[in-house]
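To keep things clear, I will list the structure first and then write my remarks on it.
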Amino acid sequence: MNIAIIGNGIAGLTCAWRLAGHHQVTLFEAGATPGGHTATVDVATPQGTWAIDTGFIVYNDRTYPRFMGLLSELGIGGQKTQMSFSVHNPASGLEYNGHSLTSLFAQRRNLLKPAFWGLLSEIVRFNRLAKLALTEALDPGATLESFLARHRFSPFFARHYILPMGAAIWSSSLQEMRRFPLPLFLRFFENHGLLDIRDRPQWYVVPGGSRNTSAPCSPGRRSPGPAAQRAGAAGGAPPGGSYPAAGVRGGAF
């Protein structure tokens, strides 16, 4: 069969990888490079050139089993890495990192600050209440802010832990995180081990950058140029119709 796949992000590339052995596969992509939101940038330093991922960055052994299986098929081994959360607030002067006790108390004065110990206590309480909430029917209209208010979490906890962590994950502002859907927030945190102090998933990066996952699973036949030039392939022609494309002869898919 002649099969067209619109978009060559990781889903499109995986479909192409699975189908290309038995069918003629053509990928249509609007971007200049394959890989969807993978974006690896080479940065020159005195110590050499480093491949820095700015799109897809990490994966873990708990929530990415099929992706890890695909990498194994492609002969790509993961490289272990660490994921941690850091806060530096110039307004309050607070700074900490959750990776170890040393980094947690990077500011030694926090050992004597009741507010900081209160923050740690609230983190544990939030994790416990979040796990409990996930065992119940969640209101689809509930927000993170409503959950914090309902359980009387302090503004200090909100501003120095849960809001900036969410903002870092979803590239959002603190105000946007206040309105964030609670069910999605809690499920994401649970799935990624963020409600646990111990037994967190092992995180990995792709050696050389996530761009190295694109070329190995691209099919042998791939049409060049932006998908926008495919004569409205995504919205105009009916299923199984003809899609004439710039640089590619029209074909039935």
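For the sequence shown, position 35 matches number 35 in full-length UniProt numbering, and the numbering has no gaps at all.
Where is the CB? At the ideal position from N, CA and C, for every residue including glycine.
As the structure is a prediction and not an experimental result, all values here were calculated from the model.
Cross-strand partners of residue i (DSSP beta bridge)
i       : result
Asp-196 : Answer is none; Asp-196 lacks a bridge partner.
Arg-86  : Residue 86 is actually Ser in this sequence, not Arg. According to DSSP, which records beta bridges pairwise, Ser-86 is partnered with Asn-97.
Pro-181 : Thr-143
Leu-174 : In the DSSP output, where bridge partners are listed per residue, Leu-174 has none listed.
Thr-45  : Gly-48
Ala-4   : Thr-26
Gln-107 : According to DSSP, Gln-107 bridges with nothing at all.
Tyr-161 : Answer is none; Tyr-161 lacks a bridge partner.
Val-205 : Gln-79
Between the CA atoms of residue j and residue i - distance to the nearest angstrom
i           : j       : result
Leu-194     : Arg-200 : 8 Å
Gly-12      : Asn-97  : 37 Å
Asn-8       : Thr-26  : 10 Å
Gly-69      : Ala-4   : 24 Å
Thr-49      : Phe-67  : 27 Å
Leu-132     : Phe-126 : 10 Å
Gly-31      : Ser-72  : 27 Å
Tyr-161     : Gln-24  : 50 Å
Tyr-59      : Trp-203 : 6 Å
Ala-158     : Cys-15  : 41 Å
Gly-75      : Pro-46  : 31 Å
residue 254 : Gln-79  : Nothing about residue 254 can be reported from this structure: the residues present for the chain run from 1 to 253 only.
Arg-179     : Ala-168 : 15 Å
Leu-138     : Phe-185 : 11 Å
Leu-134     : Gly-21  : 42 Å
Asp-53      : Ser-84  : 17 Å
Thr-102     : Tyr-64  : 30 Å
Phe-253     : Ala-149 : 54 Å
Phe-28      : Ile-10  : 13 Å
Asn-191     : Ser-86  : 20 Å
Cutoff 7 Å; reference residue i; Cβ partners in own chain excluding five residues on either side
i       : result
Arg-62  : Gly-193, Pro-201
Phe-56  : His-37, Thr-38, Ser-210
Thr-81  : Val-58, Trp-203, Tyr-204, Val-205
Ala-51  : Thr-40, Asp-42, Gly-208, Gly-209
Glu-122 : Phe-153, Ser-154, Phe-157
Met-177 : Leu-144, Leu-163, Gly-166, Ala-167
Three-state secondary structure (DSSP) of residue i
i           : result
Gly-35      : coil
Asn-97      : strand
residue 317 : Nothing about residue 317 can be read from this structure; the chain reaches only from 1 to 253.
Ile-57      : coil
Thr-40      : strand
Thr-81      : strand
Gly-9       : coil
Phe-189     : helix
Ser-214     : coil
Arg-62      : coil
Same chain, Cβ closer than 6 Å to residue i, five either side skipped, listed in chain order
i           : result
residue 288 : One cannot answer for residue 288 here, as it falls past the ends of the chain, which runs 1 to 253.
Asn-110     : Phe-116
Burial state of residue i, where buried means 16 or more other Cβ atoms lie within 10 Å
i       : result
Gly-166 : buried
Met-1   : exposed
Val-41  : exposed
Ala-130 : buried
Glu-136 : exposed
Pro-34  : buried
Ser-171 : exposed
Leu-163 : buried
Gly-118 : exposed
Cβ shell of residue i (< 8 Å), same chain only, five flanking positions each side left out
i       : result
Ala-115 : Phe-156
Val-124 : Ile-197
His-88  : Leu-94, Glu-95
Gly-77  : Leu-71, Pro-207
Arg-187 : Leu-134
8 Å Cβ cutoff, residue i in contact with chain B
i      : result
Met-68 : Absence of chain B from the displayed structure is noted, only one protein chain being present.
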